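Visitor:
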Amino acid sequence: MSALFFLIPISLLLLGAAIAAFLWAVDHDQFDDLEQEGERILFDDRASDERDTTRPGSPS
Amino acid sequence: MSEALEAIPTPTKPCCKGVAAPPESPPPGEQRGEETPPTSPLERFDDPAFQQQFVRRASDGHCAVTLSVSGMRCAGCAWRLEAGVNALPGVSEAQFGVAQARAQVRWNPSRLRLSEILSQIEALGCRAQPFVPDGHEQLLRDERRSALRRLGVSGLGTMQVMMFSIGLYTGAFGELEPAYRDLLRLASALVATPVLAYAGLPFFRSAWRDLRDRRVGAELPIALALTVAYGASVLSLFTGRGEVYFDSVCMFVFFLTLARTIEGQLRARSELRIHGLSARLPEQVHQWVDGRCRDVPLTALQSGDVIELRAGEVVPADGIVVSGRGEVDEAILSGEPTPVRKQPGDAVFAGSANLDAPVRLRVERVGADSTVSQIATLLDRAQLSKPPVAVLADRVARAFLTGVLLAAGAVAAYWAWFDAPRAVPIVVSVLVATCPCALSLATPAALAAATHALAERGLLIKKGHVLESLAQVGRVVFDKTGTLTEATPVLSRVDSLQPGVDPATATLLATALEQTSRHPIARALRAELPASSTLPPVDALELIPGRGAAGQIGGRRFRFGRPDWSRALAAAPAIAADGLDSPRAGTTALLSDDKTPLAAFYFETRPRPEARDAVGWLERRGYATALLSGDPARQEVATLATRLGIQEAHAGTSPEEKLRIADRWVSGGDVVLAVGDGVNDAPLLGRAQVSLAMGSGSDLAHLEADAVLLEDRLATIPLALEWAHRTRRVMRQNFAWALGYNACALPLAAMGLLPPYLAAIGMSLSSLLVVANSLRLRHPPPGAGGATS
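For the protein sequence lines, the chains are A and B, in the order given.
Residue 181 is where the first sequence starts when you use this note's numbering, and the numbers rise one by one after that.
Residue 1379 is where the second sequence starts when you use this note's numbering, and the numbers rise one by one after that.
1) So within the segment 1561–1613 of chain B, which uninterrupted alpha helix (DSSP H) runs reach at least 4 residues, ignoring any that extend past its ends?
2) Asp2170 (chain B) lies in the alpha helix (DSSP H); which residues open and close that run?
3) Would you call Ser2152 (chain B) buried or exposed, if buried means 16 or more other Cβ atoms sit within 10 Å of its Cβ?
4) Using a Cβ-Cβ cutoff of less than 8 Å, which residues in the same chain neighbour Asp1880 (chain B) once the five nearest sequence positions on both sides are dropped?
5) Between Ile199 (chain A) and chain B, is any beta-carbon pair separated by less than 8 Å?
6) So is Ser1475 (chain B) in contact with chain A if we call contact Cβ pairs under 8 Å?
7) Below 8 Å, how does it come out for the segment 2142–2158 of chain B and the segment 2105–2117 of chain B: are there three or more Cβ pairs, yes or no?
8) What is the rounded straight-line gap between the Cα of Pro1400 (chain B) and the Cα of Leu1502 (chain B)?
9) Run down chain A in chain order and give the residues with a C-beta less than 8 Å from the C-beta of Gly1530 (chain B).
10) Contact check, Phe1423 (chain B) vs Leu1496 (chain B) under 8 Å by CB: the rounded distance?
11) What are the boundary residues of the beta strand (DSSP E) that Pro1333 (chain B) is part of?
12) Under three-state DSSP, which class holds Arg1934 (chain B)?
13) Quick check on the DSSP output: what are the complete beta strand (DSSP E) runs of length 3 or more inside the segment 2075–2134 of chain B, in order along the chain?
14) If you drop the 5 nearest sequence neighbours on each side, which residues of the same chain put their C-beta closer than 6 Å to that of Leu1529 (chain B)?
15) Rounded to whole angstroms, what's the CA-CA distance from Trp1485 (chain B) to Cys1441 (chain B)? Just pull it up for me.
16) With distances taken Cα to Cα, identify the nearest neighbour of Val1539 (chain B) among B:Leu1518, B:Val1573 and B:Glu1521.
17) Quick check: the segment 1964–1978 of chain B against the segment 1945–1952 of chain B, are there 3 or more CB pairs under 8 Å?
18) Against Ala1456 (chain B), what residues of chain A qualify as contacts under a CB-to-CB distance less than 8 Å, listed in chain order?
19) Answer yes or no: does any C-beta atom of chain A fall closer than 8 Å to that of Glu1538 (chain B)?
20) For Arg220 (chain A), does the count of other Cβ atoms within 10 angstroms reach 16, so buried, or fall short, so exposed?
21) Below 8 Å between beta carbons: does that hold for Gly2023 (chain B) and Glu1982 (chain B)?
22) Relative to the alpha-carbon of Ile1804 (chain B), which residue among B:Val1447, B:Pro1915 and B:Tyr1623 has its alpha-carbon at the smallest distance?
23) One question on the structure: do Ala1728 (chain B) and Gly1704 (chain B) come within less than 8 Å of each other, judged by their Cβ atoms?
24) Report the residue from B:Asp2055, B:Glu2082 and B:Gly2073 whose alpha carbon sits nearest the alpha carbon of Gln2067 (chain B).
25) Is the CB of Tyr1792 (chain B) under 8 Å away from at least one CB in chain A?
26) Along the beta strand (DSSP E) that carries Val2173 (chain B), what are the first and last residues, could you check?
27) In the DSSP output, which residue or residues are listed as bridge partners for Ser1446 (chain B)?
28) According to DSSP, is Ile2024 (chain B) helix, strand or coil?
29) Out of B:Val1663, B:Ala1689 and B:Ala2071, which one is the CA nearest neighbour of Gln1680 (chain B)?
30) On the criterion of 16 or more Cβ atoms from any shown chain inside 10 Å, does Glu2034 (chain B) qualify as buried, or is it exposed?
31) Which one of B:Arg1904, B:Ala1456 and B:Ala2019 has the shortest CA to CA distance from Gly218 (chain A)?
32) Let me check one thing: in DSSP terms, what residues is Ser1701 (chain B) bridge-paired to?
33) For Gly1549 (chain B), which residues in the same chain have their Cβ closer than 8 Å to its Cβ, ignoring the five residues on either side in sequence?
34) From B:Ala1827, B:Arg1990, B:Val1844 and B:Thr1866, pick the residue whose C-alpha is nearest to that of Pro2158 (chain B); which is it?
35) Return the CA-CA distance between Arg1480 (chain B) and Leu1615 (chain B), expressed in angstroms with no decimal places.
36) Got a sec? Which residues, its chain only, sit under 6 Å from Pro1961 (chain B) by beta carbon, not counting five neighbours each side?
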């Protein structure tokens, strides 16, 4: 039971980490749109090789 | 670019109007008065000076821009736009977000111009322009973020403290050494303190403000309970005696924050930004200076300047015509799609669209002084004076809270006198048990559920009072054109006037002559054209404002338009066919060649198919109905009213008259629901207690109305009214439950029979029950109401 003196402070540290992660997520737009990203997987993707990755000025 | 359009797969089930609309149709809201202008207005976005403000250059030479996009309704629209823009060669990345109505596009400037990206977006049915950060939107975003942060902190904190509490509770039944008990208590305190200080801060701040102003607000008992509970717990922590209530404190804060967040979200979503009037006005105008025509920004325009207005352009400011004759679409002001002829000396208004011929005007009033802006300010004021429909929650809350505080005080006094050590937990229990948690959730939870459900069905609610006001409505008032009737006329009949002239051929000829015109008749003809037909080529095509179209097809000369002008080509006498020579332009047209009149065309504005059912439903339920129209044709208005079953009809009403009639009803005690679409409805929409704008209506109507009918489906009105009644019932149930629980818990707590943790649990459960009850509102009632299909 004396382990509690050790474990409880660790749990507080973990709590701190969890809260920090949550605050980071909020500040980085993770919670801004909760619906669209979920529906995105239902739509077909266009093949990514059709996207343009050429550099401007290079012959194409 | 058309190949790109064809390559885009369409989802099999259209998600909403935005996706189902074919690429060729103009964006919703632009149906009246003007068509999408040719690409050239977009080309100004390619101007390097302009781009400097909005376009970012990446180190690899690609350009990136953030766009404001209007017209996206759901994730399906965003996906379609993403697919469409990504399909353009030269685009490396395009992301469209519905929630923020924004897009991020990265592209290769040597392969593609920004104007092409924008015109692709327009081809897909939406409108885009460079994003200008709006202070208001930023504010809403920040508010939402802080609410989420507080929710996260209090939620995680609550979970942790409850873990510690399990140790304390189980320990209380057996043997728990003081050292471990104090450890758990200390840990709880260490978590509860930041939770209280951070997430609980808004409550303390509001309570302090209420105290200062000597007002009773919902936060006062809450702040009191939190202070007492926390203080007592800290005391117990250090003295080693008594109980700790850190878990109750955290739970308290978490549930209250949850309630506030839901409420805040609801309010924020209601304050939707809609493209205001200023989006219609051009940014550049052609000004005549020293005999030369130059492009200047709209902001530089002043009264007295002379400007050139080309065909298809939007009038930038109020002015008087100096030279030129043309037809102008004033639908944005009058709601009537029939063009108005203008000649030198006539006034034109900002926001209307010049249809066919170039016109020169002298500017009279610019910007905020223009008629349209003045109407906007007028009805802002009308809104402020709108009698508020008493909101149920406010009435109940105030009485309740005062009662709670008095009760807590009495209990504290009693126990402090008789049995002091028990006073603290008992007072805490009393305050917790009577906490207006469930009460404060009663309204927002129900409103959130109902608002969301109605939004999915095409009713966008913008103001918070709408559902509660709708439940009290007794009278429904409609506008005619564009509301009860379709926004554009329909070709109803073609009569051949000569043997050997086939109506279908005549229609083809007429459509060919009108193919480039923006006149409503031209649009009606084009709408009738089967997709596979080809129009014959027209030579010497001339569009004459106020008269019609003239041209040569296959060597023959034709005129299509006003009957008297058209038959003048053949020098034919007046025709006796019904109504053909009456002076009502816009409903009859004649096709003639140079020998004889050939065919007569009749157009009408049809009532919307579901109008009759919707009005019938209203009649059956006992609503008083009325029709207020700006159209001066008394007979037509009366006929329409009888056909649909509307009790009262007024024709030829100006915006001021509509306002006067509405005043009469409102001061007579009626609660009025007004449905309209044009700017001339705006004062009426402002005065009525609840107002609905048609989705295809003018921007000003959208701005002023309390809610928008997204797909113009009148059938949504009965649905909304039913839903509003259900919402009111659910809110009453929520109140009954919340108050009932509080009423039962109070005596128990006062007598010392309810320990604080039990009080907190009970409070949480009652909140959950209120939310669960409100969730029932997300689904339509069994046997969904009357006129819906």
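Ideal placement from N, C-alpha and C gives every residue a C-beta, glycine not left out.
From a predicted model like this one, the values you see are computed outputs, not experimental measurements.
Guide: The answer reads as follows:
1) 1579–1590
2) Nothing can be reported for residue 2170 (chain B): it is not among the residues displayed for chain B, which extend from 1379 to 2167.
3) buried
4) Ser1874
5) yes
6) A small fix is needed here, since residue 1475 (chain B) is Gly in this sequence, not Ser. Answer yes: the Cβ-Cβ gap between Gly1475 (chain B) and chain A drops below 8 Å somewhere.
7) yes
8) Because the pLDDT at Pro1400 (chain B) is just 38, under 50, the model does not fix this residue reliably, and the value given afterwards should be weighed accordingly. Each residue's alpha carbon lies about 8 Å from the other.
9) Ile199, Phe202, Leu203 and Val206
10) 6 Å
11) Coverage of chain B is limited to positions 1379 through 2167, which leaves residue 1333 (chain B) absent and any answer about it impossible.
12) strand
13) 2085–2087
14) Thr1635 and Thr1639
15) 5 Å
16) B:Val1573
17) yes
18) Gln216
19) The question names Glu, yet the displayed sequence has Gln at residue 1538 (chain B). So yes, Gln1538 (chain B) belongs to the interface.
20) exposed
21) no
22) B:Tyr1623
23) no
24) B:Glu2082
25) no
26) Within the shown structure, residues of chain B are numbered from 1379 to 2167, placing residue 2173 (chain B) beyond reach of any answer.
27) B:Arg1480 and B:Gln1507
28) coil
29) B:Val1663
30) exposed
31) B:Ala1456
32) B:Arg1738
33) Tyr1558, Arg1559 and Leu1562
34) B:Ala1827
35) 52 Å
36) Residue confidence is low: Pro1961 (chain B) scores 45 on pLDDT, short of 50, so the model does not pin down where it sits. Its coordinate-derived value is still stated next. Closer than 6 Å at Cβ, skipping near neighbours: no residue.
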